Amino acid sequence: MMPQSAESIPLKHSHSLAMTIQLVEDNPMDVDLTLRAFARRKLVNPVQVARDGEEALAWIARWEAGEPLPAAILLDLKLPRVNGLDVLRQFKIHPLCRTIPVIVLTTSGEDHDVRTAYELGANSYIIKPVEFSRFLEVVAQIELYWCITNKPPC
Amino acid sequence: MSLTTIVSLVSLLMATLFYLHINRHINKELEEKADTMIELMGGALEIPLWDLNQLAVKRISDTLIQDNLVVQLKVKARLGNIIYSIEKDHGMALIYRKTTIQHHQEMIGEVELAITKDFAQKNLEDLLWLLTITTSLILVTIIATTRMIIRRYLRKPLQNINDIANSYAAGIYTITSPLPYLEFQPLERILADMGRTIQQQISALQDSEERFRRAIQDAPFPIVIHAEDGEFLMVNQRWLDITGYARDEIATIADWTERAYGEGRRQMREGIDRLYALDRPQAEGEFVIACKDGRQRIWDFSTSPLSRASDGRRTVISIAADVTERKQAENAARLTQARLQKAQAIGHVGSWEYDLITGQIWGSDESFRIYGITPPSDNALSITQVEACIPERERVHQALVDLISENRPYNLQFTINPLNEAPPIIITSVAELLHDQHGQPVKVAGVIHDVTEQVKALDALRGSEARFRGLVEQSIAGIYIFSRDRFLYVNRRFAEIFGYNEAEILERLAPTDVVAPEDRPLAIRRVEDRILGRLQGAHYTAQGLRKDGTRIWLEIHGNRIEVDGEPLVAGMLLDITERKQAEDEIRRLNAELEIRVSERTAQLEVANKELETFAYSVSHDLKAPLRGIDGYSRLLQEDYASRLDAEGRLFIQNIQQGVGQMRDLIDDLLAYSRMERRTLRHDPLDLVQLVEKVVAERAGDIAAQGATVRVAAPPLAGRADPEGLAQVLRNLLDNALKFGCPGIPVAVEIGGQAGPVSATLWVRDNGIGFDSKFHDRIFDIFQRLQRTEDYPGTGIGLAIARKAMQRMNGRVWAESNPGQGATFYLEIPADDAPIG
């Protein structure tokens, strides 16, 4: 039983002017749960999802074509095709999108992953908790901080 | 100069006397003048005073006062009233006069006057000055004139006297410059006489000294004259001839004692120094002196004091008699006798003579000593007394008879029992028959020799040789002696090793024949090394060649020995073929093993790597579905609670509990795997501080549980990975808090102790403990002693602790009994321990 597609979940307070949040996550359940968690926080920003590394890198072309930059990118590390660290590397060397805050959101707490992510320029590193209640808290913190408190690059 | 002084003093004295005389004369004149004046004034003033004619008094007085001598004048009337008084400036020296003026025996007044001596004295002084100057001028003139005359006329004779004195001082006693003037002729004669006398005395003295010197110089015995400061004033020819030293080699006593007495010089020197105090001749005795060529002479010294030398040094004459030859002759005789006795005593050889006529045996001291008999005064005994000491006296006696009657050689060895009951002695006795001029036998002369020791030694040697021969013959090592080209000895084992018999080897083989051809150069080199003495011993392995052509491995130990001047090699060898094969096998196996180990290690590394990746992936990939399960069960619980009954809600709870356990398991597995893979640090740590930090982390849990945790440790330092050690402590503390006895508040005590190479920490609780037979199991991964319902857990915590301690070069262990709490110990390397 697959959950419903994330894009189809209606965002209750969609706001056309709000900057998007880009989510890079291959696990459909995680995508669904993340979106649900955002929904519970009544997130105004639209969420765009990429289901693997390639898809995420394809955004670069769209931004180059003039699409507005997102408020933040939530990036899983364990991705099919191009893994998360490579995606991060590509984003952070690109002159246009290197300023976009990238929040690594992953299950791995390995020292190696944490260190490499920060070395490549990750702006934050958050370990995804297993318990849904704690996951909700984490998502709430991300929403509060990166969509409201933080001033994104101009 | 002194003349001038005397003249001056006399002049001064005369001037003084002159002055005193004139002074007295002047004084006398002035006194008279004063008397006259006062008398005149008395007369002149009588009438005017009587008439009270003051004007007349004044005139008269004024007239008088005109005189330079008068300096004071006073006229008084009858009643004492002053009629006239005048006083001029004057010096100290005054003459006073005073008289009454009478008229008709009636006093009518008084007149006083004073006259000065100043003028007279001034004149006198001028006169004296004049006199002094005049006298001085005269004196100076006289002295200058006299000097000039003396210089002019006495210079020549004085110079000549000077010359004569100088030449006398230089030892020339003739007058070269005659004195001028007749007055000096006697002086010249005296000087000439003096010169001649001195010359005569000197030549007499020289003659005497020369005779004396020649006497000493040519004396037939060594003589030396020396002064107390050590100088050899004279050394005669005989002295030099005997000693062979040159005169300048023995310039001083020090030279002489150094050369002649060598080591004994200090003592000799002290003896010689005492000689200077002698006042009569003394015989000093005999001394051994060393000559220049190293020969030693014996000199008999006597010494006599001489007069002091001209420079005041005390001198001594020492005369020696060379008694070397006489002494040597004496000594030689004495020595010959002593040597003979000594030789006999050393060699245990005694000589004896048997007189056929008297039947007496004469023996040397040593002979009697051997027989244990005190020698009689004439060293002679009857033959029966001597033979009494010989157990085999018949045989010995028969030999003597045979010698005398048939002149059969007498050469025996027999045992004697010494008379003094010393242990038996074995002697050899050899004798010859002596004949008189007619060919008649008169004496048997012989020697006996104590050979007890030699016989014993020989016996011992025979025994020892037999033992060693046995040892060598039976040895399991091959033993050999060979020269360069042939074997001189081999034992049985040696022959066995090579498959020959001993005779074959000794007769036919050269040493290199038993060496495999490829090792022959090595063997030849080693043999040459020792034959030529380049090497004393050689130890090496080589391949030997058996008679049947098979090869064997040999371990060879050979040493150079020398027998009758011929260099040989003696040694032993072992057949190590089997050992060598075993060694080769071991080496081969080792090499194989190494390859296998490295292969296995590589495999293991690959497997490890795979396992790591596996653990990592599994842990992460397991978590994602778990999150889904938990998430959707939560959503179900929250959003669909109303549609579920109690059982459905219980199912959801069970799902979530399962998720929780699964999550703990995965987290612990991850922690374990990380502990295996992480690069650990080895930092110096304050252990107590770390413990307190971990306890503080758990403060909430501790308080919630009502437990107590007491940290009581001395300051402790260790070298560890801070995070790893914190993890270990955390696990131990969690265990202590978890495994409490039901109903009893948990009490944990954390302590520690510093050791020489490590620090120990312990965590002690009052919990349920465990049976010590499970001690090793509790540290294994997934091993649990309790049911999960009672004590939830993954069974990984202690495995992590053990892994962490292993990787930090430490140790963890526990002591416990069921129901009696548990104590977990951590051993942590001291902070100065090497990092490894």
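If you read the sequences in order, they're chains R and W. Position 122 of the first sequence, counted from 1, bears residue number 221 in our numbering, the numbering being contiguous throughout. Position 625 of the second sequence, counted from 1, bears residue number 722 in our numbering, the numbering being contiguous throughout. We treat Cβ as the ideally placed atom computed from N, Cα and C, and that holds for glycine. Bear in mind the structure is a predicted one, so any value in this text is a computation, not a measurement.
Requested in this report: Could you say which of W:D186, W:V208, W:A380, W:Q163 lies nearest to I179 (chain W) if we only look at CA atoms?
Outcome: Measuring from the Cα of I179 (chain W), the nearest candidate turns out to be W:V208.
Query raised in the report: Among W:I295, W:V154, W:N263, W:I258, which has the Cα closest to the Cα of Y278 (chain W)?
Result: For Y278 (chain W), the nearest C-alpha among the options comes from W:I258.
Report task. Tell whether a beta-carbon distance below 8 angstroms holds between V237 (chain R) and P251 (chain R). Result -> No, they are not a contact pair.
Report task. Have a look at A170 (chain R) and F137 (chain R) and give me their C-alpha separation to the nearest angstrom. Result -> A straight line joining the alpha-carbon of A170 (chain R) with that of F137 (chain R) spans about 15 angstroms.
Query - Strand pairing of M331 (chain W), partner residues [DSSP] - result: DSSP lists W:I322 as partners of M331 (chain W).
Query raised in the report: Is the CB of H717 (chain W) under 8 angstroms away from at least one CB in chain R?
Result: Interface criterion met: the Cβ of H717 (chain W) is under 8 angstroms from a Cβ in chain R.
Report task. Could you tell me whether the stretch 701–716 of chain W touches the stretch 654–665 of chain W, using the rule of 3 or more Cβ pairs below 8 angstroms? Result -> With the cut-off at 8 angstroms, the stretch 701–716 of chain W and the stretch 654–665 of chain W do not touch.
**Report entry** Whole-number beta carbon distance between I897 (chain W) and Y729 (chain W), since they are thought to touch under 8 angstroms
**Finding:** Contact flag wrong, Cβ pair sits at about 32 angstroms.
Query raised in the report: Can you list, in chain order, the residues of its chain whose CB lies under 6 angstroms from that of Y270 (chain W), leaving out five sequence neighbours each side?
Result: Answer for Y270 (chain W): G292, I295, Q296, listed in chain order.
Query raised in the report: Given 8 angstroms as the limit, is there contact between the stretch 190–197 of chain W and the stretch 116–136 of chain W, that is, 3 or more CB pairs closer than that?
Result: Contact annotation: the stretch 190–197 of chain W touches the stretch 116–136 of chain W, with at least three C-beta pairs closer than 8 angstroms.
**Report entry** L132 (chain R): contacting residues in chain W (beta-carbon distance under 9 angstroms)
**Finding:** Residues of chain W passing the Cβ test: R724, G725, G728, Y729, L732.
Report task. Could you tell me how far apart the beta carbons of A639 (chain W) and L619 (chain W) are, in whole angstroms, since I believe they sit closer than 8 angstroms? Result -> Their Cβ separation, rounded to whole angstroms, is 6 angstroms, which keeps A639 (chain W) and L619 (chain W) in contact under 8 angstroms.
Requested in this report: Under 8 angstroms Cβ to Cβ from I467 (chain W), same chain only, skipping five residues before and after it: list those, please.
Outcome: Closer than 8 angstroms at Cβ, skipping near neighbours: H445, G447, I513, P515, I522, I524, I545, D547.
**Report entry** Residue-chain proximity (I108 (chain R), chain W), Cβ-Cβ < 8 angstroms
**Finding:** Any reading at I108 (chain R) must be qualified, since the residue scores a pLDDT of 44, below 50, and its modelled position is unreliable; the value itself is stated next. Contact of I108 (chain R) with chain W is not assigned, every C-beta pair being separated by 8 angstroms or more.
Query raised in the report: So with Cβ pairs under 8 angstroms, would you call S223 (chain R) a contact of chain W?
Result: Not an interface residue.
Report task. Drop a sphere of 10 angstroms on the beta-carbon of S107 (chain R), count the other beta-carbons inside from all chains shown, and report buried for 16 or more, exposed for fewer. Result -> Here S107 (chain R) scores only 41 on pLDDT, less than 50, and its place in the model is too uncertain to base an answer on.
Query - Which of helix, strand or coil DSSP assigns to K250 (chain R) - result: Note: K250 (chain R) maps to coil in three-state DSSP.
Query - Nearest candidate by alpha-carbon position, reference V148 (chain R), set R:K141, R:L132, R:R140 - result: Comparing Cα-Cα distances from V148 (chain R) to each of R:K141, R:L132, R:R140, the minimum goes to R:L132.
Query raised in the report: Does DSSP put Q734 (chain W) in a helix, in a strand, or in coil?
Result: In the structure shown, Q734 (chain W) sits in a helix (DSSP, three-state: H, G or I).
Query raised in the report: Going by DSSP, which residues form a beta bridge with E207 (chain W)?
Result: Answer is W:K173, W:T197, bridged to E207 (chain W).
Requested in this report: Closer than 9 angstroms, Cβ to Cβ, to anything on chain W: give me those residues from the stretch 210–234 of chain R, in chain order.
Outcome: Residues of the stretch 210–234 of chain R with a C-beta less than 9 angstroms from any C-beta of chain W: D210, K227, P228, V229, E230, F231, S232, F234, listed in chain order.
Requested in this report: Using a cut-off of 7 angstroms between C-beta atoms, extract the partners of K177 (chain R) located in chain W.
Outcome: Going along chain W in sequence order, the residues near K177 (chain R) (Cβ under 7 angstroms) are H717.
Query - Endpoints, the beta strand (DSSP E) within which I847 (chain W) is located - result: Run containing I847 (chain W): 844–851, per the beta strand (DSSP E) assignment.
Query raised in the report: Nearest chain R C-beta to R760 (chain W) closer than 8 angstroms, yes or no?
Result: So, interface residue.
Query - Beta-carbon contacts of M204 (chain W) that lie in its chain and below 8 angstroms, excluding the five residues immediately before and after - result: The answer, listed in chain order, is R175, T197, I198.
Report task. Give the range of the alpha helix (DSSP H) segment to which M759 (chain W) is assigned. Result -> Per DSSP, M759 (chain W) is one residue of the alpha helix (DSSP H) stretching across 743–774.
Query raised in the report: If you measure beta-carbon to beta-carbon, which residues of the stretch 742–761 of chain W are closer than 9 angstroms to chain R?
Result: Listed by position, the residues of the stretch 742–761 of chain W near chain R (Cβ gap below 9 angstroms) are Q753, V756, G757, M759, R760.
Report task. At 8 angstroms on the CB atoms, spell out the chain W contacts of D129 (chain R), in chain order. Result -> Neighbours of D129 (chain R) in chain W, taken as residues at a C-beta separation under 8 angstroms, are given in chain order as A721, R724, G725.
Query raised in the report: So which of W:R581, W:V539, W:Y577 has the shortest CA-CA distance to A592 (chain W)?
Result: A592 (chain W) has its Cα closest to that of W:Y577, out of W:R581, W:V539, W:Y577.
**Report entry** Every unbroken beta strand (DSSP E) within the stretch 847–887 of chain W, with a cutoff of 3 residues, ordered by chain
**Finding:** Taken in chain order, the complete beta strand (DSSP E) segments of 3 or more residues contained in the stretch 847–887 of chain W are 855–861.
Report task. Answer with yes or no whether the minimum CB distance from R827 (chain W) to chain R is below 8 angstroms. Result -> Chain R has no Cβ within less than 8 angstroms of the Cβ of R827 (chain W).
Requested in this report: Step through the CB atoms of chain A and report whether any lies within less than 8 angstroms of the CB of N182 (chain R).
Outcome: Reference to chain A is not applicable here, since the protein chains of this structure are R and W.
Query raised in the report: Taking the runs of the alpha helix (DSSP H) that are 4 residues or longer, which of them lie wholly in the stretch 428–512 of chain W?
Result: Within the stretch 428–512 of chain W, the complete alpha helix (DSSP H) runs of at least 4 residues are 462–468, 480–484, 490–503.
**Report entry** Three-state secondary structure (DSSP) of A557 (chain W)
**Finding:** Helix at A557 (chain W).
Query raised in the report: Where S474 (chain W) and A496 (chain W) are concerned, what is the direct C-alpha to C-alpha distance, given to the nearest angstrom?
Result: It is roughly 28 angstroms from the alpha-carbon of S474 (chain W) to the alpha-carbon of A496 (chain W).
Query - C-alpha distance - D390 (chain W) paired with E550 (chain W), whole-angstrom precision - result: In a straight line, the C-alpha of D390 (chain W) is about 45 angstroms away from that of E550 (chain W).
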